[in-house]
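Colleague:
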Amino acid sequence: MQSFCSADHARVLIIDAIFIRWILARSGFTLRPVGGYQAPRDFLAGLAFRVFNCTQYVRHHKFPFYTPEPNYAFFSDMVHEFLGHMAMFADPRFAQFSEEIGLASLGASEEECREIARLYFFTIEFGLSLEDAEFEPTKKNLKVYGAGLLSCVDELEFAVSDKSKVHRFEPDFVVKTVPSVTTFQECYYFTRNLEEALIKLRIYTATMKRPFSVLYNAHTNTIDLINSRESLQLASEAMRFNVEQISAAIRHNIS
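Under this note's numbering, the sequence shown has 630 at position 190, and the numbering climbs by one with no breaks.
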């Protein structure tokens, strides 16, 4: 970030420069500065377009761990965005996860949108993953990847301590868990890796009865509706080239 944005201890990072020059080149995500906390539907809709709505204020030095701003999520400030989300959007896997969870919210009912927001909250914001094959009650083999934990030292320590409750990530159970933005979470969820979380997200959202299906068109930065035979054919043709290239790679024994 220093090489791309000339960041140092005396200056606040320039958000636009970071995303445009550093993140955009890696995952296609960009930034939209916002004035404060957004409703879940608005925030998730931005992710569908590979746009991350980012707060613009910095926590007061008297509150280095949380950000006690009225009506704002305690962990959502520039420190949270940089330490938590910045590295995520440099990884294509996290970018894909974020885009898909945003696409799932389009056309969803209010209840479904609330459920999707909770799936996002307990993965991208407060998710844990396994370092080894089996979960250990001591939590020594858990890794933190959630942005809310990475930007809050005291809750990070709490999440992997013997005081916290940790469960396997199962969407049917997670959507019934009420998030907290003023205290530590009552429980946290882990997956073996991010791919497992993405697969479970896809399976869960596939059961939602939306009036249409959607795809993000990276060429036009728009959402394509898949709601007719013609649109289905166009989407299939657009995907055919990628499938053929993957098949060719498999034939050439690329590991």
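Glycine residues also receive a C-beta, built at the ideal position from the N, C-alpha and C atoms.
Can you find the residues in the same chain that come closer than 8 Å, C-beta to C-beta, to N511, ignoring five residues on each side of it along the sequence?
Modeller: With a pLDDT of only 41 at N511, under the threshold of 50, the placement of this residue in the model should not be trusted, and no figure is reported.
Colleague: Assign V600 to one of two classes, buried (16 or more other C-beta atoms within 10 Å of its C-beta) or exposed (fewer than that).
Modeller: V600 comes out buried.
Colleague: List the DSSP bridge partners of N693.
Modeller: Beta-bridge pairing links N693 to no other residue.
Colleague: How many angstroms separate the CA atom of D517 from the CA atom of V498?
Modeller: Cα-Cα distance, rounded: 5 Å.
Colleague: Contact defined as beta carbons within less than 8 Å: I believe L638 pairs with F537. What is the distance between those atoms, to the nearest angstrom?
Modeller: Indeed, because the Cβ distance is near 5 Å, the residues count as touching under 8 Å.
Colleague: Would you please state the rounded distance, in angstroms, between the beta carbons of L559 and P611? I believe it to be under 8 Å.
Modeller: Contact holds; Cβ gap of about 6 Å.
Colleague: Is any heavy atom in the ligand MG found nearer than 7 Å to the beta carbon of E539?
Modeller: In terms of ligand content, the structure shown is empty, and the ligand MG therefore cannot be addressed.
Colleague: Of the residues F630, G588, V615, K605, which one's Cα is nearest the Cα of F622?
Modeller: Per the sequence shown, residue 622 should be read as Thr rather than Phe. The shortest C-alpha separation from T622 is found at G588.
Colleague: Starting from P577, trace the alpha helix (DSSP H) in both directions and tell me its first and last residue.
Modeller: Counting along the chain, P577 falls outside any alpha helix (DSSP H), and DSSP gives it neither H nor E.
Colleague: Tell me, please, which residues DSSP counts as bridged to C494.
Modeller: Paired residue(s): P473.
Colleague: Using the beta-carbon count (16 or more within 10 Å), is A513 buried or exposed?
Modeller: Confidence at A513 is low in this model, with a pLDDT of 44, below 50, so the placement of that residue should be treated as unreliable; the coordinate-derived value is given next. Burial call: buried.
Colleague: Considering only the beta carbon of each residue, do I556 and S549 sit closer than 8 Å?
Modeller: For I556 and S549, no; Cβs fall outside 8 Å.
Colleague: In three-state terms, what does DSSP make of S671?
Modeller: Here S671 sits in helix by DSSP.
Colleague: May I ask you to list the residues that DSSP assigns as paired with H607?
Modeller: In the DSSP output, where bridge partners are listed per residue, H607 has Y629.
Colleague: Measure the Cβ-Cβ separation of A530 and S467 and say whether it is below 8 Å.
Modeller: Cβ atoms of A530 and S467: closer than 8 Å.
Colleague: Taking just the CA atoms, how far does R691 sit from P473?
Modeller: Answer to the nearest angstrom: the Cα atoms are 45 Å apart.
Colleague: Can you tell me whether G468 is helix, strand or coil according to DSSP?
Modeller: Of the three classes helix, strand and coil, the one that applies to G468 here is coil, per DSSP.
Colleague: Is it right to say Q593 is buried, meaning 16 or more other beta carbons lie within 10 angstroms of its own, or is it exposed?
Modeller: Sequence check: residue 593 is Val here, not Gln. So V593 counts as exposed.
Colleague: Can you tell me whether V683 is buried or exposed? The criterion is at least 16 other CB atoms within 10 Å of its CB, across all chains shown.
Modeller: V683 comes out exposed.
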